[in-house]
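Participant: First the structure, which I've put down as structure tokens, then a few questions once you've had a look.
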Amino acid sequence: MGLWLAYGNRSVAKLIESLAGSDVEEIRLSLSTLNGLLSNQEDKLQAISHEPPVVNTLTELLAGTDEETKRLSALSLASLSLVYQGRLAVREAKAVDVLTEQLLGSSGPVAEASSSALLALSESRDGCTVLMEHDALVPTLTASLGKKSEQPNMARCCLATLANLMRQDMGIVQALEANVVPHLREIVDIRQRDFDMLVKGLQALWNLSNTPDGKVAVVDAAILPILAQHCSITGGHPQTRRLAAGCIMAVTINKEGKIDSLCCLEPLITLLLHVKAADNVDLGTVRSAVLALKNSAEYPQARKAIERYARAKGCDPHKLVNMIDGEMFDADVWPSSQRYRNQWRGEPGTA
130 MGLWLAYGNR SVAKLIESLA GSDVEEIRLS LSTLNGLLSN QEDKLQAISH
180 EPPVVNTLTE LLAGTDEETK RLSALSLASL SLVYQGRLAV REAKAVDVLT
230 EQLLGSSGPV AEASSSALLA LSESRDGCTV LMEHDALVPT LTASLGKKSE
280 QPNMARCCLA TLANLMRQDM GIVQALEANV VPHLREIVDI RQRDFDMLVK
330 GLQALWNLSN TPDGKVAVVD AAILPILAQH CSITGGHPQT RRLAAGCIMA
380 VTINKEGKID SLCCLEPLIT LLLHVKAADN VDLGTVRSAV LALKNSAEYP
430 QARKAIERYA RAKGCDPHKL VNMIDGEMFD ADVWPSSQRY RNQWRGEPGT
480 A
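Just add 129 to wherever you are in the sequence shown, counting from 1, and you've got my numbering.
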């Protein structure tokens, strides 16, 4: 029956038509075959253009009682959400509400499949807009992070979805209200062994740190010492070092961030000046580290500490301003900032 269902130009249409039946086994088989066909772009568009709308049918099946049918329906929605027309159909069918309910209210396989559908939606700007129309989504995603031990795949998808949504101001506001920071602090802990979770956690933290309220939340949660550990060249991974340096750079724009950044100064300077760093640090990491030091240097105590650490490493602190290409600027496009350069020399009236 599987070959008959999937054969010919009308294969997608016949599979969708068979979803309206009452035979659970036939529906499962049709969904399984349809999900395989939806890896093809043309079949995705053919399925979306079918009447009655297939996304409405999948949403109804997802709200049903059979666990395998719900799982396969969620996977099909994830495939269709990868194209713009599919995301429009998901919005019209109000499928996000049903997917959100499955995260905490269904079995592990269904919750995992539903989280993958939400992640597929969040991979595009218009998809994030669709998701942000649902107030219950971000709190549910945040609560799902508490299940990372029992359902790591679902938690990983939920974290990646949160990281994408937190590129928008409203996503950050809702995440802060849902108390996401303690979850992120635990995820980015230096003892974290799940590399994918760690990377997504640092990405979410960087997005969070790009807003004023997010900077304050990161400082209050004492996450800067953890980020400093990730910047160490003796351990970790180049990607996590880059993300951690970016987080520190974003947080130190804030006054409280500058004051609390003393624990980050030595790892950042070591990262820049150590001979082993040349092979392990890319330009993005160097730029973030230098800008983090520049931000911290506006705090006199931090500036003295930077100078002390640099001299202890046998480096003239004046050279730190030349660690990235081009001139260092101080708000104005032209001329280049003499104040920042002179603050290292300690000349009267210049720092």
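Each residue gets a CB set at the ideal place from its N, CA and C atoms; glycine is no exception.
Enumerate, from N- to C-terminal direction, the unbroken alpha helix (DSSP H) stretches of 4 or more residues contained entirely within the region 181-263.
Facilitator: 183-191, 196-209, 213-222, 224-234, 237-251 and 254-260
Participant: Short of 7 Å in beta carbon distance, which residues of its chain neighbour N282, apart from the five on each side in sequence? Order them along the chain.
Facilitator: In the sequence shown, counting from the first residue as 1, residue 282 sits at position 153. Closer than 7 Å at the Cβ level, and outside the excluded window around N282, lie E241.
Participant: Report the option in G237, D226, C376 and E196 whose CA atom is closest to the CA atom of V317.
Facilitator: Counting from one through the sequence shown, the residue named residue 317 turns up at place 188. Comparing Cα positions, the closest option is C376.
Participant: Within its chain, find whatever has a CB closer than 7 Å to the CB of T125; leave out the 5 residues flanking it on each side and keep chain order.
Facilitator: A query on residue 125 cannot be resolved here, the shown segment of the chain reaching from 130 to 480 and no further.
Participant: Return helix, strand or coil for A350, following the three-state DSSP convention.
Facilitator: As a position in the sequence shown, residue 350 is number 221, starting the count at 1. In the displayed model, A350 falls within coil according to three-state DSSP, outside both helix and strand.
Participant: Less than 8 Å between C-beta atoms, sequence neighbours within five positions excluded: which residues of the same chain meet that for L394?
Facilitator: Within the sequence shown, the letter at position 265 stands for residue 394. Excluding positions up to five away in sequence, the list reads L422, S425, A431, A434, I435 and Y438.
Participant: If you follow the alpha helix (DSSP H) that E146 is in, where does it begin and where does it stop?
Facilitator: Reading the sequence shown from its first residue, position 17 is the one you call residue 146. E146 -> alpha helix (DSSP H) spans S140 to S147.
Participant: Need the endpoints of the alpha helix (DSSP H) that T414 sits in, please.
Facilitator: Taking the sequence shown and counting its residues from 1, the one referred to as residue 414 is at position 285. Run containing T414: L412 to S425, per the alpha helix (DSSP H) assignment.
Participant: When you compare the CB of S161 with every CB in chain D, is at least one pair closer than 8 Å?
Facilitator: Note that chain D does not occur in the displayed structure, where there is just one protein chain.
Participant: Could you tell me which whole alpha helix (DSSP H) segments of length 4 or greater appear in the region 261-301?
Facilitator: 266-273 and 281-294
Participant: Where does R285 land, buried or exposed, given buried means 16+ other C-beta within 10 angstroms?
Facilitator: Position 156 of the sequence shown, counted from the start, is the residue given in the question as residue 285. Answer is buried; the Cβ neighbour count reaches 16.
Participant: Exposed or buried, which one is H366 when buried takes at least 16 other CB atoms within 10 Å?
Facilitator: For the purposes of this step, residue 366 is taken as the residue at position 237 of the sequence shown. H366 should be labelled exposed.
Participant: Near M326, what residues of its chain come up, given a Cβ to Cβ distance below 8 Å and the 5 sequence neighbours on each side ignored?
Facilitator: In the sequence shown, the residue the question calls residue 326 occupies position 197. For M326, where only same-chain residues beyond five positions count, the Cβ hits under 8 Å are K277, P281, A284, R285, L288 and I316.
Participant: Using only the alpha-carbon positions, how far apart do V345 and L402 sit?
Facilitator: For the purposes of this step, residue 345 is taken as the residue at position 216 of the sequence shown. For the purposes of this step, residue 402 is taken as the residue at position 273 of the sequence shown. Using only the alpha carbons, I get a separation of about 30 Å.
Participant: How would you label P354, buried or exposed, when you count the other beta carbons within 10 angstroms and need 16 or more for buried?
Facilitator: Position 225 of the sequence shown, counted from the start, is the residue given in the question as residue 354. The residue in question, P354, is exposed, as its Cβ has fewer than 16 Cβ neighbours within 10 Å.
Participant: Should L397 and A379 be called a contact, given that it needs their Cβ atoms to be closer than 8 Å?
Facilitator: Residue numbering aside, residue 397 sits at position 268 when the sequence shown is read from its first letter. Residue numbering aside, residue 379 sits at position 250 when the sequence shown is read from its first letter. No, the pair does not count as a contact, with Cβ atoms beyond the cut-off.
Participant: If we count the other Cβ atoms within 10 Å of its Cβ and call it buried at 16 or more, is D459 buried or exposed?
Facilitator: Position 330 of the sequence shown, counted from the first residue, corresponds to residue 459. Reliability fails at D459, whose pLDDT of 46 lies under 50, so the model's placement of it is uncertain and the value that follows must be treated cautiously. Here D459 is exposed: its Cβ has fewer than 16 other Cβ atoms, across all protein chains shown, within 10 Å.
Participant: So, does the region 172-181 touch the region 192-200, judging by three or more C-beta pairs under 8 Å?
Facilitator: no
Participant: Give the straight-line distance between the Cα atoms of G150 and G234, rounded to the nearest whole angstrom.
Facilitator: Position 21 of the sequence shown, counted from the first residue, corresponds to residue 150. Position 105 of the sequence shown, counted from the first residue, corresponds to residue 234. Going from the Cα of G150 to the Cα of G234 covers about 26 Å.
Participant: Roughly how many angstroms lie between the CA atoms of R296 and E154, to the nearest whole one?
Facilitator: Taking the sequence shown and counting its residues from 1, one reaches residue 296 at position 167. Taking the sequence shown and counting its residues from 1, one reaches residue 154 at position 25. In a straight line, the C-alpha of R296 is about 42 Å away from that of E154.
Participant: Taking S159 as the reference, which of Q170, S168 and K143 has the closest Cα?
Facilitator: Looking up residue 159 in the sequence shown gives position 30. Checked all of Q170, S168 and K143; the closest Cα to S159 is K143.
Participant: For I382, does the three-state DSSP call read helix, strand or coil?
Facilitator: Translated into positions along the sequence shown, residue 382 becomes position 253. Coil, per DSSP.
Participant: Find the nearest neighbour of G443 within the set I388, T399, D389 and D411, judged by alpha-carbon distance.
Facilitator: Working through the sequence shown from its first residue, we reach residue 443 at position 314. With distances taken between Cα atoms, G443 lies closest to T399.
Participant: Any idea what DSSP makes of L394, helix, strand or coil?
Facilitator: The residue you call residue 394 lines up with position 265 of the sequence shown. DSSP places L394 in helix when its eight states are reduced to three.
Participant: Hey, out of E279, V225 and A272, whose CA is closest to V310's CA?
Facilitator: Residue numbering aside, residue 310 sits at position 181 when the sequence shown is read from its first letter. Ranking E279, V225 and A272 by Cα distance to V310 puts A272 first.
Participant: I think N164 touches L204, with their Cβ atoms under 8 Å apart; what is that distance to the nearest whole Å?
Facilitator: Locating residue 164 in the sequence shown gives position 35, counting from the first residue. Locating residue 204 in the sequence shown gives position 75, counting from the first residue. With 8 Å as the limit, N164 and L204 qualify as a contact, their Cβ atoms being about 5 Å apart.
Participant: Might you give, ordered along the chain, the residues of its own chain that have their beta carbon closer than 8 Å to the beta carbon of E427, omitting 5 neighbours on each side?
Facilitator: Numbered from 1 along the sequence shown, position 298 holds the residue referred to as residue 427. K387.
Participant: Can you have a look at N169 and say buried or exposed, based on whether 16 or more other CB atoms are within 10 angstroms of its CB?
Facilitator: As a working mapping, residue 169 is identified with position 40 in the sequence shown. N169 should be labelled exposed.
Participant: So L248 and T290 are supposed to be a Cβ contact under 8 Å. How far apart are they, rounded?
Facilitator: Residue 248 sits at position 119 when you count from the first residue of the sequence shown. Residue 290 sits at position 161 when you count from the first residue of the sequence shown. Yes, L248 and T290 are in contact; Cβ-Cβ is about 5 Å, under 8 Å.
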